[in-house]
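Encoded as structure tokens, the structure appears first; notes follow it.
Number of protein chains: 2
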Amino acid sequence: MDQNSFDPLDTDILPAVRSRPTITDVAKLCGVTPATVSRVLNGKKKFSASQAVRDKIIETARNLGYVPDLSARNLHRRGTHIIGLFASPQTHMAEGINESLLEGIAEVLHAGGYDVFFELGANTLENPLPFWRFDGAILLQAPRAETVTELDRRCVPYVCVNERVGNPTAFVLADDSMGTSRALDHLAQLGHKKIAYANARATYFSHYSVTERYETLLQGVRERGMQLVAGHDVPFSSAAEFLQQTIREQQATAVITYDHHIAVMLVGASPGLGLRIPQDYSLICFNDVFPVALLPPPLTAVAVSGREMGRIGGDLLLNSLLTPSAKPGKVIRIAEDLIVRGSTAPPTAAAPNQNNAHPRAAAGSRAADRASL
Amino acid sequence: MDQNSFDPLDTDILPAVRSRPTITDVAKLCGVTPATVSRVLNGKKKFSASQAVRDKIIETARNLGYVPDLSARNLHRRGTHIIGLFASPQTHMAEGINESLLEGIAEVLHAGGYDVFFELGANTLENPLPFWRFDGAILLQAPRAETVTELDRRCVPYVCVNERVGNPTAFVLADDSMGTSRALDHLAQLGHKKIAYANARATYFSHYSVTERYETLLQGVRERGMQLVAGHDVPFSSAAEFLQQTIREQQATAVITYDHHIAVMLVGASPGLGLRIPQDYSLICFNDVFPVALLPPPLTAVAVSGREMGRIGGDLLLNSLLTPSAKPGKVIRIAEDLIVRGSTAPPTAAAPNQNNAHPRAAAGSRAADRASL
DNA sequence: TATGCTTAGGTAAACGTTTACTCAAATCCT
DNA sequence: AGGATTTGAGTAAACGTTTACCTAAGCATA
Chain A
1 MDQNSFDPLD TDILPAVRSR PTITDVAKLC GVTPATVSRV LNGKKKFSAS QAVRDKIIET
61 ARNLGYVPDL SARNLHRRGT HIIGLFASPQ THMAEGINES LLEGIAEVLH AGGYDVFFEL
121 GANTLENPLP FWRFDGAILL QAPRAETVTE LDRRCVPYVC VNERVGNPTA FVLADDSMGT
181 SRALDHLAQL GHKKIAYANA RATYFSHYSV TERYETLLQG VRERGMQLVA GHDVPFSSAA
241 EFLQQTIREQ QATAVITYDH HIAVMLVGAS PGLGLRIPQD YSLICFNDVF PVALLPPPLT
301 AVAVSGREMG RIGGDLLLNS LLTPSAKPGK VIRIAEDLIV RGSTAPPTAA APNQNNAHPR
361 AAAGSRAADR ASL
Chain B
374 MDQNSFDPLD TDILPAVRSR PTITDVAKLC GVTPATVSRV LNGKKKFSAS QAVRDKIIET
434 ARNLGYVPDL SARNLHRRGT HIIGLFASPQ THMAEGINES LLEGIAEVLH AGGYDVFFEL
494 GANTLENPLP FWRFDGAILL QAPRAETVTE LDRRCVPYVC VNERVGNPTA FVLADDSMGT
554 SRALDHLAQL GHKKIAYANA RATYFSHYSV TERYETLLQG VRERGMQLVA GHDVPFSSAA
614 EFLQQTIREQ QATAVITYDH HIAVMLVGAS PGLGLRIPQD YSLICFNDVF PVALLPPPLT
674 AVAVSGREMG RIGGDLLLNS LLTPSAKPGK VIRIAEDLIV RGSTAPPTAA APNQNNAHPR
734 AAAGSRAADR ASL
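Listed in order, the protein sequences are those of chains A and B. Residues in the first sequence are numbered from 1 upward in steps of one, following the numbering used here. Residues in the second sequence are numbered from 374 upward in steps of one, following the numbering used here.
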């Protein structure tokens with residue numbers, strides 16, 4: 001590279017940054033040393049200062065708009081007090097349970113004195129700097145493999161929430177076997193015997209729950225003497241084919257879907273086939289999120305509290321930040337519920353018209369509450 | 374407070390943090406000074422070093438896993454190289470256009486050498502520290518008023534994307550008047566004269582576009598000699614009442630909805646009233662996002678490129694970080710398109726059966742692509 | 001009155017980088 | 001060959017906080 005030529009993009013030239021009051025400014029105005037200001041402002045318990053000095057410092061700091069410089073503070077404290085949240089850039093971070101999950105995480109970690117930042121996919125091996133910004137991390141849906149190995153390599157404590165990768169201090173997962181049980185019990189009670197399962201296509205979407213849900217379902221069906229048709233790898237584009245095969249040809253009377261996306265597609269494809277829900281088949285989906293409570297008909301769904309998952313994840317991370325010793329890999333399961341709405345009914349045709357065809361009837365469900373905001 | 378008692382929660386005791394290699398470690402191993410290491414690793418152009426030293430430093434740094442401490446670096450550089458993203462904790466951050474929007478923002482800012490963090494509502498006036506973590510900010514949907522005033526007070530440069538609050542250097546907004554025009558032109562061409570508008574309830578949701586869409590719509594209808602019924606403040610819970618009033622009583626032949634949530638509710642409420650789409654009324658919604666392309670029928674929708682909004686927003690912020698002088702308040706409008714699907718047809722009954730009732734026909738739309746992941 | 005405790009707050013080092021100066025040696029120019 | 005420039009790299013200060021250690025006064029006790 002020619003080192004003599006003029007380079008208008010020379011990175012040696014940094015943009016100027018406006019300055020702000022420092023602890024020394026406050027100290028000077030109060031006639032004390034920076035140390036005193038620091039101790040007063042940090043409310044050090046074993047430090048004694050006269051009330052007069054205390055008041056003056058606090059007032060001066062407020063007037064000046066003084067705020068400690070976090071770079072300096074962190075440099076000294078050897079920690080950033082930041083928790084990083086990682087997920088695949090491709091996942092809807094606030095869709096599904098993710099949104100309430102973030103709320104739960106933030107709630108707990110803030111209370112513990114940490115800031116929570118959601119990292120938007122900047123961290124590559126080329127640019128590993130961001131990793132050092134974090135005292136700890138929480139892995140959400142489908143973080144990049146690079147992210148996980150870097151966290152491991154750098155010994156940053158982390159927790160997996162609704163995801164199952166790496167070697168975190170803990171996994172916080174939905175108890176899908178509970179959800180499956182409730183769904184199957186409900187269907188069994190209605191009299192269904194032959195159930196179809198519309199799974200996600202593992203090729204495109206490798207979340208651990210893809211196989212987990214399938215397996216718990218398989219076992220649940222076996223235990224109840226029910227029958228499971230179809231199963232893995234239902235291509236997303238073939239909702240109509242799926243219904244044709246399972247409902248029409250194999251005569252399943254109920255469908256369970258891996259998630260709300262698939263359920264929406266089945267609802268969309270049904271009129272074209274002359275299939276009515278729940279008269280011609282019952283439908284239950286995992287994920288009680290928008291828009292399942294608002295569809296025609298509102299769907300019976302398996303629900304889990306994202307907020308609780310988040311809270312527990314945050315708690316576990318906090319613990320492992322305080323006592324880094326604990327051994328990793330603990331698995332916590334969060335209970336799943338079944339929210340019964342208008343998409344399930346007894347299998348014989350002409351179900352009574354008391355199903356919740358009207359959105360009003362869905363009021364009180366979480367998804368409905370959210371959507372009304 | 375009793376200062377002598379034992380307090381197990383004494384915050385004076387900070388958790389120990391493991392240490393990592395510093396620039397001095399690298400320097401010692403290479404037999405040079407930290408300054409040289411710094412200059413080599415930062416690729417300072419006007420600094421000359423022998424190739425041998427250069428190679429040794431780089432290799433040693435790699436072996437040691439050295440990564441510069443950002444607190445120290447930032448302390449010296451007086452800047453964090455972090456951009457903060459702010460939005461209301463209540464908004465679905467990745468729902469609707471927000472997701473692609475984040476991608477666009479991150480893409481541009483990363484290229485500009487900044488990290489992008491999404492701040493999860495920690496910043497209160499009680500705890501204003503997080504504000505100092507940011508060299509700049511981007512305001513997304515409904516940031517808290519506190520956030521805006523703090524940014525203003527501290528002179529942090531910021532840009533508003535798809536939102537209209539505060540005094541940012543620029544606003545990046547969707548061109549709703551274009552979307553409205555396209556929607557109305559489409560309906561006019563099909564022969565519709567009387568249009569109903571299902572707006573969001575301003576009481577609950579105060580996004581600037583609530584009034585903006587309504588007003589452009591009002592004007593567009595006037596210009597085309599069409600008629601607008603209903604309008605503001607349609608309560609979210611009364612989809613059925615809305616349809617009853619506008620379609621049944623006032624005989625509107627088409628409905629435009631403020632967003633996809635409302636559209637979903639109308640779709641859900643229609644069967645209960647014996648209304649078919651598009652045979653009994655046509656439906657167009659703003660926001661071409663999940664699940665509008667997958668509903669029965671797939672909906673005609675007004676679409677805007679979130680990625681482009683994000684990119685432009687990031688660009689503008691980058692500019693104002695380099696040249697803080699520019700005067701604020703510029704407004705950039707991003708073009709809106711109309712994606713025609715199966716929910717619109719001529720107003721007279723019994724539309725031909727060539728409408729896109731099958732999800733397959735919706736392939737190629739953005740929302741459909743996304744959902745298939 | 002000497003001793004010891006408490007109160008109030010100062011001193012200075014340290015955290016890890018970066019960079020404006022400085023300077024000796026090597027190289028180039030005439 | 002002698003001066004001028006370039007090359008290669010060291011020195012030390014600075015960024016803003018925090019905190020271990022120290023001191024000096026005030027007061028009570030023996």
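Backbone N, C-alpha and C fix where the C-beta goes; we use that ideal spot for every residue, glycine too.
So, with DSSP's three-state summary, where would you put residue i?
i	result
R333 (chain A)	strand
G683 (chain B)	helix
L498 (chain B)	Low local confidence applies: a pLDDT of 39 at L498 (chain B) is under 50, so the model's placement there is unreliable, with the coordinate-based value given in what follows. If DSSP states are grouped into helix, strand and coil, L498 (chain B) belongs with coil.
Q245 (chain A)	helix
Q652 (chain B)	coil
T453 (chain B)	coil
E163 (chain A)	coil
L228 (chain A)	strand
Y439 (chain B)	coil
R20 (chain A)	coil
A142 (chain A)	coil
L266 (chain A)	helix
V40 (chain A)	helix
L482 (chain B)	helix
M466 (chain B)	Caution is warranted here: a pLDDT of 47 is assigned to M466 (chain B), below 50, making its placement in the model unreliable, and the coordinate value is therefore given only provisionally. The answer is coil: DSSP assigns M466 (chain B) none of H, G, I, E or B.
A556 (chain B)	helix
L711 (chain B)	strand
G477 (chain B)	helix
G379 (chain A)	Lying before the first or after the last residue shown, residue 379 (chain A) is absent from chain A, which here runs from 1 to 373.
Cβ atoms of residue j and residue i: under 7 Å apart, would you say?
i	j	result
K703 (chain B)	A543 (chain B)	yes
F134 (chain A)	I58 (chain A)	no
A252 (chain A)	A196 (chain A)	yes
A345 (chain A)	S270 (chain A)	no
F242 (chain A)	A301 (chain A)	no
S716 (chain B)	P651 (chain B)	yes
M178 (chain A)	A35 (chain A)	no
A636 (chain B)	L75 (chain A)	no
E103 (chain A)	R307 (chain A)	yes
F490 (chain B)	F86 (chain A)	no
R333 (chain A)	D175 (chain A)	yes
So which residues on chain B does residue i lean against when the C-beta distance must stay under 8 Å?
i	result
E308 (chain A)	Correct list: empty, because the minimum Cβ distance to chain B is about 17 Å.
So residue i is in the beta strand (DSSP E); what residue range does that whole segment cover?
i	result
L283 (chain A)	282-286
A569 (chain B)	567-571
T489 (chain B)	For the record, residue 489 (chain B) in the displayed sequence is Val; it is not Thr. First-last of the beta strand (DSSP E) with V489 (chain B): 488-492.
V172 (chain A)	170-174
A699 (chain B)	It is not in any beta strand (DSSP E) - A699 (chain B) carries neither H nor E in the DSSP assignment.
T630 (chain B)	627-630
V675 (chain B)	673-677
Under 6 Å Cβ to Cβ from residue i, same chain only, skipping five residues before and after it: list those, please.
i	result
L29 (chain A)	T60
V108 (chain A)	R311, G314, D315
V165 (chain A)	V148
R20 (chain A)	none
H633 (chain B)	C658, N660, V662, V665
D710 (chain B)	A676
P347 (chain A)	G191, H192, T253
Between which residues of its own chain and residue i is the CB-CB distance below 7 Å, once the five residues before and five after are set aside?
i	result
S411 (chain B)	I396
A724 (chain B)	Only weak support is given to the placement of A724 (chain B): the predicted model assigns it a pLDDT of 37, under 50, and the question is left unresolved by the model.
By the criterion of Cβ-Cβ separation under 8 Å, what are the contact partners of residue i in chain A?
i	result
E585 (chain B)	Going along chain A, no residue has its Cβ under 8 Å from E585 (chain B), so there is no contact; the nearest lies around 20 Å.
N447 (chain B)	S71
Can you list, in chain order, the residues of its chain with a C-beta nearer than 8 Å to that of residue i? Leave out the 5 residues immediately preceding and following it.
i	result
V40 (chain A)	F47, A49, V53, R54, I57, I58
N540 (chain B)	D525, P701, G702
D25 (chain A)	L64, Y66
For the alpha helix (DSSP H) that residue i lies in, which residues bound it at each end?
i	result
V156 (chain A)	No alpha helix (DSSP H) contains V156 (chain A), which DSSP labels as neither H nor E.
V583 (chain B)	581-596
In chain A, which residues lie with their C-beta within 9 Å of the C-beta of residue i?
i	result
E492 (chain B)	D115, V116, F117, F118
Name the chain B residues whose beta carbon is nearer than 7 Å to that of residue i?
i	result
T36 (chain A)	Simply none; closest approach about 16 Å.
Beta carbon of residue i: closer than 6 Å to some heavy atom of the ligand NAP?
i	result
R595 (chain B)	Judged by which ligands are present, the structure shown has none, so any question about the ligand NAP falls away.
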